[in-house]
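Counting from 1, position 93 in the sequence shown corresponds to residue 93 in UniProt numbering; the numbering is continuous, with no gaps. Working notes for the structure below.
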Amino acid sequence: MDLEALRTLIVVVEGKSFTKAAKALSISQPSVSLHIKNLEELFQTKLIDRSPKHFHITPTGEIVYQRAKQIASIVEKTHEEIFSYHNQLTGSLTIGASYTVGEYILPSLLKDFDQNYPDIDLQIYIENTEKINRSVLLHEFDVGLVEGQVKSKELRSFPFLEDEMVLIVPMDHPIRELNNLKLSDLQGLTWVGREEGSGTRDIMDAVFRAYSINAKKLITIGSNHGVVQAVQHGLGLSFISRSIVENKFGEDLMVRLPIIQSPNRFFSCVLPAEGELSKNVEVFLEAIKDKYKMEK
């Protein structure tokens, strides 16, 4: 298969223009068209619909585009591994981290790693757990660090740090005045939670199911900081990672609920289920295991 044709397809799709692709790749526009034509003949399908007024990738074109990105990533990693074999570790390491991990756990880990491997360029992306898992599966990220469950059989994962989920309640909420808190006291209240696909949201939903809690209203916010700010301003209750409360906001909002078992979870590393790991990924995993005293 022609790797140059696949690279051309990637640039064309991401720039939505044959002209821009030709300029970016320093080739002629007819060469760009020829690369796309050769791919269409190879796969016996139309990849791109375009006219002077619109540009649209076809469903089968999207499949080829996603696979092309995976192949390009594998080729790049192969070059890095061969170079690293003959030289010191260099190249890049792309890490996807879910919000809690990326904002409150990862920074201290990266500080140590960067000191030990200064020639590795780090690229960090923070998304929710669902998006991280998908990007690792598509080889867009070398490794993922998430707080939720990994459900795909095409991914493998291992836990590296336990996390405690705590209930946070506005300072002036009536629930704080109750001496004997009952499960019924949690019914019909307004709650604040993360978006679907977030590991934190998965935990909240699991608690609601386990204890048959029905919310009067659920306000969805796409960041941990936003959730805590909403609770501080009296919008509702929430479950959130203890690391967030302790590291940034203090413990004033936390309320102990003896009637509910504290829901704990693990932060996990996520990797493709198959394929060899690059040297950069291997040393990063070793750094995680060393920092959190895991068995190797």
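Heads up, the beta-carbon is just placed ideally off N, CA and C, and yes, glycines get one too.
Inter-residue spacing [alpha-carbon to alpha-carbon] between residue i and residue j
| i | j | result |
| --- | --- | --- |
| E246 | S92 | 32 Å |
| I95 | I63 | 24 Å |
| L186 | L218 | 13 Å |
| I10 | N133 | 22 Å |
| S212 | G188 | 11 Å |
| K216 | K20 | 51 Å |
| residue 323 | L285 | Outside the shown range of the chain (1 to 296) lies residue 323, about which nothing can therefore be said. |
| E154 | V136 | 10 Å |
| H35 | T8 | 7 Å |
| E25 | N38 | Looking at the sequence itself, residue 25 is Leu, so the reference to Glu does not match. Cα to Cα, L25 sits roughly 17 Å from N38. |
| K296 | G222 | At K296 the pLDDT is 45, less than 50, meaning the model places this residue with poor confidence; the figure from the coordinates comes in the next sentence. Rounded to whole angstroms, K296 to G222 spans 35 Å at the Cα level. |
| K16 | H56 | 8 Å |
| T190 | M204 | 13 Å |
| R242 | V231 | 15 Å |
| I126 | E76 | 22 Å |
| Y65 | T58 | 10 Å |
| D112 | P118 | 10 Å |
| F141 | S108 | 20 Å |
| A5 | L122 | 28 Å |
| N264 | E147 | 11 Å |
| R176 | H225 | 22 Å |
| R67 | L277 | 19 Å |
Three-state secondary structure assigned by DSSP to residue i
| i | result |
| --- | --- |
| Q115 | helix |
| A230 | helix |
| S278 | coil |
| R67 | helix |
| K289 | helix |
| N224 | helix |
| R265 | strand |
| I82 | helix |
| L237 | strand |
| L183 | helix |
| K216 | coil |
| G197 | coil |
Residue-chain proximity (residue i, chain C), Cβ-Cβ < 7 Å
| i | result |
| --- | --- |
| F239 | This model lacks chain C altogether, as it is built from one protein chain only. |
Selected residue, minimal CA-CA separation from residue i, among the options
| i | options | result |
| --- | --- | --- |
| I124 | D290, L106, K153, S278 | L106 |
| S184 | F208, E195, T78 | F208 |
| L167 | L181, F113, L109, I240 | I240 |
| A206 | Q149, M171, S51 | Q149 |
| R156 | E274, A5, P30 | E274 |
| D172 | E162, N116, K131, G234 | G234 |
| P170 | G199, L161, G236 | G236 |
| R201 | N180, Y99, I74 | Y99 |
| F18 | S33, G102, Y117 | S33 |
| H139 | N264, Q44, V281, S28 | V281 |
| G199 | Q44, E164, P52 | E164 |
Whole-angstrom C-beta distance between residue j and residue i, which should lie under 8 Å
| i | j | result |
| --- | --- | --- |
| G61 | L47 | 4 Å |
| G193 | T129 | G193 to T129, Cβ: 14 Å. No contact. |
| T90 | I71 | Contact doesn't hold; Cβ gap of about 22 Å is too wide. |
| L181 | F266 | Their Cβ separation, rounded to whole angstroms, is 28 Å, which puts L181 and F266 out of contact at 8 Å. |
| S268 | P159 | 5 Å |
Uninterrupted beta strand (DSSP E) stretches inside the UniProt domain "HTH lysR-type" (1–58) (no shorter than 3 residues): Entirely contained in the UniProt domain "HTH lysR-type" (1–58), the beta strand (DSSP E) runs reaching 3 residues are, in chain order, 48–50, 55–57.
Whole runs of the beta strand (DSSP E) within the stretch 85–169, excluding any shorter than 3 residues: Runs of the beta strand (DSSP E) lying entirely within the stretch 85–169, each at least 3 residues long, are 92–97, 121–126, 143–146, 155–168 in chain order.
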